[in-house]
Structure formats: C-alpha cells, structure tokens
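Asks: Can you read through this structure? Questions will come right after.
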Amino acid sequence: MPDDITLHASTRVALTDPAGMLDRLCDHFVDHGTVTREVGNARLDGTFGAVQLTLEANALAIAVTSPSESYLFVVKSSIAEHLVEFADGESIALHWQGDAVGETRIPYFREVVVRGARDITPAMRRVTVACDDPGHFTSGGLHVRVLIPPRGREPVWPSVGPDSRVIWPDGEDALAKRTYTIRAIDHARGELDIDVVLHDDSPGSLWAREAKAGDRVGLLGPGGGDVISADWYLLCGDETALPAIARIAESLPSSARASIVIEVADAAERQEIASDASIQVTWLHRDGAPAGSTDLLPQAVRSIALPEQGSPFVFAGCEQAAARAIRKHLRGERQLPKDRHLVAAYWRRGHADVHDHGE
Ligand SMILES: Cc1cc2nc3c(=O)[nH]c(=O)nc-3n(C[C@H](O)[C@H](O)[C@H](O)COP(=O)(O)OP(=O)(O)OC[C@H]3O[C@@H](n4cnc5c(N)ncnc54)[C@H](O)[C@@H]3O)c2cc1C
Numbered sequence: 001m002p003d004d005i006t007l008h009a010s011t012r013v014a015l016t017d018p019a020g021m022l023d024r025l026c027d028h029f030v031d032h033g034t035v036t037r038e039v040g041n042a043r044l045d046g047t048f049g050a051v052q053l054t055l056e057a058n059a060l061a062i063a064v065t066s067p068s069e070s071y072l073f074v075v076k077s078s079i080a081e082h083l084v085e086f087a088d089g090e091s092i093a094l095h096w097q098g099d100a101v102g103e104t105r106i107p108y109f110r111e112v113v114v115r116g117a118r119d120i121t122p123a124m125r126r127v128t129v130a131c132d133d134p135g136h137f138t139s140g141g142l143h144v145r146v147l148i149p150p151r152g153r154e155p156v157w158p159s160v161g162p163d164s165r166v167i168w169p170d171g172e173d174a175l176a177k178r179t180y181t182i183r184a185i186d187h188a189r190g191e192l193d194i195d196v197v198l199h200d201d202s203p204g205s206l207w208a209r210e211a212k213a214g215d216r217v218g219l220l221g222p223g224g225g226d227v228i229s230a231d232w233y234l235l236c237g238d239e240t241a242l243p244a245i246a247r248i249a250e251s252l253p254s255s256a257r258a259s260i261v262i263e264v265a266d267a268a269e270r271q272e273i274a275s276d277a278s279i280q281v282t283w284l285h286r287d288g289a290p291a292g293s294t295d296l297l298p299q300a301v302r303s304i305a306l307p308e309q310g311s312p313f314v315f316a317g318c319e320q321a322a323a324r325a326i327r328k329h330l331r332g333e334r335q336l337p338k339d340r341h342l343v344a345a346y347w348r349r350g351h352a353d354v355h356d357h358g359e
C-alpha cells in the first residue's frame, strides 16, 4: 500500500545511442501506462510512479518519483532490466542516487514459516504460515509469488544488486516460484492461509502436500491490485480461483450483489462461501473430465445477464483457454469496459507456471 510520501531516485546512463534507447523504452512502456513524448525527452506515468527520461550527449538521464518504497523498487528494477534488455549487448553502468540507495533487500519480500497444513477438500490443501507483519498483505492485491527452496537445502533468497536488478539464486539453490492467493489473514495469530490445489507432483502441489511445521518459504507481494468497487459482481473461476473468489465474497458489503460461478472436479470439492452481500452461488462439476478441458465456465458466463443499471464488475480466474474465451466475450459481445472486468489466466494446461495475469 503506497504511503502518502514521494520518494526520488535518479541516474545517468552512458549510451552510444541514447535516442534509440529512449524510443525502445517508450515503445515498451506504452503497454503499461501513459507515455508523454516531447523533443528530447519523455515521461512515463503508471500505477507505480513516474519516470522522466531526458536525452543528453551520449547519455540518458533518468529521474523516478514513486509513492512507496515497494513501488520505487518496482520502477527502478524494471527500468534497469529493460535498459539491459534493450542495450543489445552494450554494457550498462547503472548507479542510482536518491532514496533507497544501497538497499539489498526486495521491500515486498517476506520469509514465512509453515505452522501446519491440512486437507480442506480431497484436492485442496490449506497451508498456514506464520508471518511477522501480516498487515503487509492486507492491501495491494490478493496474490503472492511463493518462493519454494529446494528440499533439504538452506534457502537462499533473492537480493537486490547495486543497479536495482534482482539477483536470483541459481544452480542448486534455484527457487521454484508459483503464484497463490492469500486466502485469509489472521492478524491476531500472525498467520496467513494459502489454499493449494493438489493436482500433480509439480513444485506447488508437492510443496503443499509435504508442508510441515518449521518449513521456510519466501513470499513476494502482494500483487494484482485491490478489488474494484461495484454494486453488482460476477465472480467466476475454477478451483485455483476459489480462494480469491471466497476472499472477495467475504470482503463485499451487505449492499452489494454477486453471482458466483465456480467450476470444480465434483461435489466433494465444494466449499462454503460466506458473504454479507446478497450472493447466488452456482457450482459446475467436471464429473470426470480433466481440469482445463471443458467449456463450462465460458458457457456459464454467456448465460448470465449483466444488470442494466448500476456498476457491474466481473472477476474471472481459470485455465488460459477459458480465460481468453471469457475475456473475448465480455469485451466483444458485452462491450464491457476494461475497467469493469479482470479476467486472468491462473494456469495453462500443459505448461508450468503461467504468467498471463490478464488485464
Ligand atoms: C493470480 C493467481 C492466483 C492463483 N491462486 C491460486 C491459489 O490460491 N491456489 C491454487 O491452487 N492455485 C492458484 N493459482 C494457480 C497456480 O499458480 C497454478 O495452478 C500453478 O501452475 C501451480 O503450480 P504447480 O507447481 O502445481 O504446477 P506447474 O509446475 O505450474 O504445472 C505442472 C503441470 O500441471 C498443470 N496444472 C497447473 N495447475 C493445474 C491445476 N490447477 N489443475 C490441473 N493441472 C494443473 C500444468 O498445466 C502443467 O502441465 C493462481 C494463479 C494466479 C496467476
């Protein structure tokens, strides 16, 4: 959550073609925020802050302002990564000045310790972790990247290099990274719950299946932004989005209304959905069909009427093909504006660790 402050950082990067670099940075960031160009300079504005880029003789001057330590780090590391990526082999010497100089930890990284794990349905296991500052996870988004260290090894966590790029452990210390939702936060006990679908011997499933008290994992986040305010919601998804849907439903005020549609393997995978809002829950069962192989969710979304008055919001999280079909339908046939829906691919059939979080 951004504090009510402004942090600053700046650097000057020597380049043989600074104008080309300015063009490449602007072309890239136009997909992530607002780019304002004038002769010899450009300004990039986004959720995480603002970046002023100014051409100098054989150099690009970069000035960043940001409303929080976490956001400042996101902007600096993203600029640094893209400078290196777009430099075409030219070596980049990057020395930041200003706030957070010399900081070697990622501000939104937390090491947490497993307290216990239990099955809440046959295919969903709840891992409870102890966390020193659970309040850190209350806003800014529902999900985290869980960093899973190799079994039996002392964890080596990512750190921040002098140019603000993340240094990831590799080789025997390489971490598996998977995205999960924080299902619940218990401030009094200092605990977070993460509900994990057990589907395979994949890194995420295996971590949850074998989790025992004392295991350490890293969390990066939270991410994804806060839930958009609306007076009518459609919350839909498969079991990977069930934790997000249940948490959103719990957070809705009594004045809200929500249609909730959840696809699961079968009736044994249903869970209680609690809410102060007026909710209508529909369960879709695959009944033997493999996860990610059906058209159940897109079909259900097509059959639901959006209210003609008031402000609707649609949230969907599911396998990539279903997410794409739902997004296409909402934007095409329903003409639902971009700020009225968040449709995310939570996983991709046949591929590990999808990163397409929708828009
Ligand atoms: C924003 C966000 C929030 C998420 N929240 C949750 C959550 O709270 N709980 C949760 O369980 N998942 C959640 N997911 C989904 C989770 O990140 C993926 O399912 C992830 O691939 C699981 O990692 P893995 O190591 O088990 O499998 P991977 O190593 O990533 O994949 C191995 C194989 O398993 C397949 N696979 C992956 N997930 C599933 C599945 N659910 N069912 C069947 N096959 C699968 C893949 O297609 C691949 O073939 C979330 C994803 C996103 C993007």
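Counting from 1, one number per residue, gives the positions in the sequence shown under my numbering.
Beta carbons: idealized from backbone N, C-alpha and C, even for Gly.
Just so it is clear, the structure is predicted and the values come from calculations on it, not from any experiment.
For His187 versus Pro134, is the C-beta distance shorter than 7 Å?
Replies: Locating residue 187 in the sequence shown gives position 187, counting from the first residue. Locating residue 134 in the sequence shown gives position 134, counting from the first residue. Cβ atoms of His187 and Pro134: closer than 7 Å.
Asks: Secondary structure at Trp96, three-state DSSP: helix, strand or coil?
Replies: Start at 1 with the first residue of the sequence shown, and residue 96 comes out as number 96. Here Trp96 sits in coil by DSSP.
Asks: Just verifying my parser: in three-state terms, what is the DSSP assignment at Tyr71?
Replies: On the sequence shown, residue 71 is found 71 positions in, with the first residue counted as 1. In the structure shown, Tyr71 sits in a helix (DSSP, three-state: H, G or I).
Asks: Exposed or buried, Glu90, counting other C-beta atoms within 10 Å across all chains shown (16 or more means buried)?
Replies: Locating residue 90 in the sequence shown gives position 90, counting from the first residue. Exposed.
Asks: Report the three-state DSSP secondary structure of Gln299 (helix, strand or coil).
Replies: Counting from 1 along the sequence shown, the entry for residue 299 is found at position 299. Of the three classes helix, strand and coil, the one that applies to Gln299 here is helix, per DSSP.
Asks: Mapping the DSSP letters down to three states, classify Met1 as helix, strand or coil.
Replies: Translated into positions along the sequence shown, residue 1 becomes position 1. Model confidence at Met1 stands at a pLDDT of 46, short of 50, so the residue's coordinates are unreliable and nothing is read from them.
Asks: Would you say the beta carbon of Asp201 is closer than 6 Å to some non-hydrogen atom of ligand 1?
Replies: Start at 1 with the first residue of the sequence shown, and residue 201 comes out as number 201. No; taking the cut-off as 6 Å, the Cβ of Asp201 has no heavy atom of ligand 1 nearer than that.
Asks: Mapping the DSSP letters down to three states, classify Ser159 as helix, strand or coil.
Replies: Counting from one through the sequence shown, the residue named residue 159 turns up at place 159. Ser159: strand per DSSP, three-state reduction.
Asks: Can you give me the C-alpha to C-alpha distance between Glu69 and Ser77, rounded to a whole angstrom?
Replies: By one-based count along the sequence shown, residue 69 stands at place 69. By one-based count along the sequence shown, residue 77 stands at place 77. Those two C-alpha atoms are separated by around 12 Å.
Asks: Grouping DSSP H, G and I as helix and E and B as strand, with all else coil, what is Ala123?
Replies: Numbered from 1 along the sequence shown, position 123 holds the residue referred to as residue 123. Of the three classes helix, strand and coil, the one that applies to Ala123 here is coil, per DSSP.
Asks: Give the C-beta separation of Ala211 and Val114 to the nearest angstrom, bearing in mind that I take them to be a contact with Cβ-Cβ under 8 Å.
Replies: For the purposes of this step, residue 211 is identified with residue 211 of the sequence shown, where counting begins at 1. For the purposes of this step, residue 114 is identified with residue 114 of the sequence shown, where counting begins at 1. That pair is a contact at about 5 Å.
Asks: Of the residues Thr104, Ala100, Gly40, Met21, which one's Cα is nearest the Cα of Glu85?
Replies: Counted from its first residue, the sequence shown places residue 85 at position 85. Nearest C-alpha to Glu85: Met21.
Asks: Compute every distance between the C-beta of Arg178 and the non-hydrogen atoms of ligand 1, then say whether any falls below 6 Å.
Replies: Here residue 178 corresponds to residue number 178 of the sequence shown, with the count starting at 1. Yes.
Asks: What does Tyr180 pair with, by DSSP beta-bridge criteria?
Replies: Locating residue 180 in the sequence shown gives position 180, where the first residue counts as 1. BP columns for Tyr180 point to Val144.
Asks: Which word fits Gln97, buried or exposed, when buried means at least 16 other C-beta atoms lie within 10 angstroms of its C-beta?
Replies: Locating residue 97 in the sequence shown gives position 97, counting from the first residue. That one is exposed.
Asks: Measuring alpha carbon to alpha carbon, tell me which of Leu306, Ala344, Asp339 ends up nearest Ala321.
Replies: Taking the sequence shown and counting its residues from 1, one reaches residue 321 at position 321. When only C-alpha atoms are compared, the closest one is Ala344.
Asks: Between the segment 8-20 and the segment 52-65, do at least 3 Cβ pairs fall closer than 8 Å?
Replies: Short answer: they touch.
Asks: Between which two residues does the alpha helix (DSSP H) containing Arg247 stretch?
Replies: Working through the sequence shown from its first residue, we reach residue 247 at position 247. Element bounds for Arg247: 242-251.
Asks: From the DSSP output, in three-state form, read off His8 for me.
Replies: Here residue 8 is taken as the residue at index 8 of the sequence shown, counted from 1. His8: strand per DSSP, three-state reduction.
Asks: Give the C-beta separation of Ile304 and Leu198 to the nearest angstrom, bearing in mind that I take them to be a contact with Cβ-Cβ under 8 Å.
Replies: Here the question's residue 304 lines up with position 304 in the sequence shown. Here the question's residue 198 lines up with position 198 in the sequence shown. Incorrect: roughly 30 Å between the Cβ atoms, too far for contact.
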